[in-house]
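Read through the structure below, which is laid out as structure tokens, and then see the notes.
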Amino acid sequence: MRRIARLRKPSGAPLASIARPLCIQRAATRPSPSPAVQINTVRFYSSRQPETLPASLADSKRAVPEVLEDAVEGTEVQEYDLHPAEPRVFVPPPRPSVAERADTITDNLYTPASTAEGLESIGNLGNWWDDPEHWPETSDFVGFTPKQKVQEPVLIEAAVRRALTEALVVKQLGKDDQLTGHWGMQDRAQHDAVLALGLKVDSDGKATVTGNLQSVAEGLVAKDGEAAVDSAFALPSAAEALAWKQQSDHSWKGASLLEARVKFAVIKRVMQLTGHVVPDQKLAEIATARGLLATLQKPPKPKTFSQEIETKKQDLISLPNVAFSPKRVTRGHKDMALGRFKLIEAEFKKRDLQGGPLSVPKSREMKHWKGDA
7 MRRIARLRKP SGAPLASIAR PLCIQRAATR PSPSPAVQIN TVRFYSSRQP
57 ETLPASLADS KRAVPEVLED AVEGTEVQEY DLHPAEPRVF VPPPRPSVAE
107 RADTITDNLY TPASTAEGLE SIGNLGNWWD DPEHWPETSD FVGFTPKQKV
157 QEPVLIEAAV RRALTEALVV KQLGKDDQLT GHWGMQDRAQ HDAVLALGLK
207 VDSDGKATVT GNLQSVAEGL VAKDGEAAVD SAFALPSAAE ALAWKQQSDH
257 SWKGASLLEA RVKFAVIKRV MQLTGHVVPD QKLAEIATAR GLLATLQKPP
307 KPKTFSQEIE TKKQDLISLP NVAFSPKRVT RGHKDMALGR FKLIEAEFKK
357 RDLQGGPLSV PKSREMKHWK GDA
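Heads up: the sequence shown begins at 7 in this note's numbering, then just goes up one per residue.
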């Protein structure tokens with residue numbers, strides 16, 4: 007078997023420069039502090055017994071000045087409860103009680119019952135939470151948005167006008183911290199007072215609110231325990247909002263919403279008043295109040311051709327030789343109008359077939375998609 011010849015040691019100058027020696031060379035010239043040990047006998051833990059206390063902390067009394075010791079001894083130690091008791095808003099059910107076993111009772115006069123006659127019926131906790139005294143209305147969950155969304159475009163416009171005015175009032179008074187805080191709903195009078203304030207917008211989109219700003223700012227501060235959506239607050243009717251729209255100036259729709267804090271405050275307030283949530287992908291597109299209204303207000307659903315004829319072409323429907331139907335007339339409808347659908351249905355049943363074209367479902371595969379047989 008052939009062997010590979012060993013490489014000889016280079017006899018020339020060393021490859022590493024003297025000015026920048028390698029770490030391997032420096033490590034090779036260092037004296038070994040201890041003799042070489044076999045790898046299987048190396049100890050990877052210390053054999054030194056740990057001290058009970060470090061030397062720096064052995065005499066802790068000497069490290070504390072006497073003046074501080076006197077001050078600590080003269081002060082009272084205050085105890086703080088890390089888990090304060092929260093006020094309960096409901097009445098928990100009573101603890102279940104267990105009757106004693108018959109073999110553990112020592113009373114000689116005790117006679118165990120053999121039937122249920124005469125025994126008290128306690129019942130279960132099935133109707134415990136139905137009692138309003140055990141679960142009051144104040145403990146019910148109150149969400150940030152109303153339960154039903156506002157659909158009227160006029161009411162949405164009034165809500166955007168109010169939210170924009172309140173955010174600009176807080177901005178003008180220099181209370182920027184309140185732009186991201188919790189605002190109270192207040193009552194209907196506060197709603198009308200906010201809409202009564204003047205709002206001037208220049209050519210650059212900068213808006214300025216005129217009027218009693220301090221009262222509006224004080225009404226925004228939510229009281230302790232106030233819900234996000236107050237049940238006593240109610241938006242005006244569509245007729246009242248329409249009357250306000252006709253009297254107000256529409257220049258406020260050009261107010262700029264490029265500032266992030268103001269935009270956040272306006273969108274959050276609109277969501278609290280109307281229940282509409284602006285999608286995240288449309289936040290960057292909203293630059294003015296008009297853009298926010300275009301996002302929230304949905305255009306009315308267009309009328310169908312039959313609805314247009316019913317409203318605008320009544321003379322066409324009243325013609326004696328014209329038959330009008332709001333839906334498409336199929337072959338089955340014609341058979342039913344002539345009275346021969348019953349005969350067709352009877353013939354289909356004789357042949358064990360479906361009962362005509364009207365009995366065919368819209369989608370035969372729908373039951374298979376739902377997992378039905």
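Just so you know, even glycine gets a beta-carbon here, dropped at the ideal spot from N, CA and C.
Since the structure is predicted, the reported quantities are computational estimates derived from the model, not experimental observations.
Between the beta-carbon of Leu203 and that of Val222 there is about 7 Å, and that keeps the pair under the 8 Å contact cut. Residue environment for Gly180: exposed (fewer than 16 other C-beta atoms within 10 angstroms of its C-beta).
A direct Cα-to-Cα measurement between Trp135 and Phe147 gives close to 15 Å.
If you compare the alpha carbons of Ala329, Ile292, Phe354, Arg296 with that of Ala343, the shortest gap goes to Ala329. Comparing alpha-carbon positions, the option among Val207, Asp182, Arg346 lying closest to Ala271 turns out to be Asp182. Within a 10 Å sphere around the beta-carbon of Val160 sit 16 or more other beta-carbons, which makes this residue buried. Of the other Cβ atoms in all chains shown, fewer than 16 fall within 10 Å of the Cβ of Thr110; this residue is therefore exposed. Taking C-beta atoms as the reference points, Thr151 and Gln278 count as a pair closer than 8 Å.
Going by beta carbons, Leu131 and Ala261 fall outside the 8 Å limit. Each of Ser145, Asp255, Ser127 was checked against the Cα of Pro98, and the nearest Cα belongs to Ser145.
In this structure, Val276 lies away from Ala173, with their beta-carbon atoms at least 8 Å apart. Rounded to whole angstroms, the gap between the alpha carbons of Asp193 and Leu241 is 9 Å. Going by beta carbons, Ala295 and Val166 fall inside the 8 Å limit.
Of all alpha-carbon atoms in Glu126, Pro118, Pro138, Asp113, the one lying nearest the alpha-carbon of Val95 is that of Pro138. When DSSP states are grouped into helix, strand and coil, Gly204 belongs to the strand group. In the DSSP assignment, Val276 falls within the alpha helix (DSSP H) that extends over 266–280.
Taking 8 Å as the cut-off, the Cβ atoms of Val284 and Thr310 do not count as close. Among the bridge pairs identified by DSSP, Ala213 is matched with Val207.
By the Cβ neighbour-count rule, Met372 is exposed, with fewer than 16 other Cβ atoms within 10 Å of its own. The three-state reading of DSSP puts Val227 in strand, counting E and B together.
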